[in-house]
Structures are given as C-alpha cells and as structure tokens.
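**Student:**
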Amino acid sequence: LSSPHEMAQVIFLTLMDNAEFMYQKCEYDRAINNFSLALDLKPGDKHCLLGRSRCYRMVGKLLKAVSDAKASLKEDKAFCSVKVLVGSVNPINIK
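Using the working numbering, the first residue of the sequence shown is number 168, and each one after it goes up by one.
1. Among the candidates LYS213, MET183 and GLN176, whose CA atom is the shortest distance from the CA of ARG197?
2. Go ahead and label VAL123 buried or exposed: buried means 16 or more other beta carbons lie within 10 angstroms of its beta carbon, across all protein chains shown.
3. Would you report the Cα separation of ILE261 and SER169, rounded to the nearest angstrom?
4. Beta-carbon within less than 6 Å of TYR223's beta-carbon, same chain only, minus the 5 sequence neighbours each way: which residues are those?
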C-alpha cells in the first residue's frame, strides 16, 4: 500500500466484510458498529448505509433503519435494494 488513500480503502473494505459477516451470524450490534466505522471512512456509501439499515431493522430500530435507507438514496435515487427495504421497514410511510 503506497498511499493513505489506499490504506483507507483497504480498511473500509475490511470493515464492510466484517460487518456483513457479523450480519450473517445475526450479531447485529457488532455489524452496526462495523458499518458505522466504515461510514466514518466513507460517509454516504450507499451499500454501507443499506447494510446498517438492515441491521437496525433486525434489532427493531425502525426509525434509524428508515433514515439510513433514505440516506442511501441521496446519491442514487434508483437504488432498487433500498426501495424494497424501505417498503418493508416503513409500511406506514414514516417521513
């Protein structure tokens, strides 16, 4: 790794991988922590926000789940995965 940017990218990807692994193991709080750390490195990353939103949904933090899901749409309004998640998390259309 020759630059701080490359190092940050490797750390980001490692955090994302760890978060997905924790999600698969149903360790949602640990996954949320890893997604949050990854977002510190790459704020607004739609895949990271979506992953954390899924975790929030699983632990019953629906407002946070909706907030992250909506935030992930800021850069890509056609992000289909989020539209499906928001519909399942927010059936009463919380604003």
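From the three backbone atoms N, C-alpha and C, an ideal C-beta is built for every residue, glycine too.
Model, not experiment: these values are computed from the prediction.
**Tutor:** The structure says:
1. Residue numbering aside, residue 197 sits at position 30 when the sequence shown is read from its first letter. Looking at the Cα atoms, MET183 is the closest of the given residues.
2. Limits of the chain in this structure are 168 at one end and 262 at the other, which puts residue 123 out of reach.
3. Here residue 261 refers to the residue found at position 94 when the sequence shown is read from its first residue. Here residue 169 refers to the residue found at position 2 when the sequence shown is read from its first residue. Residue placement at ILE261 cannot be trusted, given a pLDDT of 47 that sits under 50; the coordinates are not used to answer.
4. Locating residue 223 in the sequence shown gives position 56, counting from the first residue. Around TYR223: LYS231 and ALA232.
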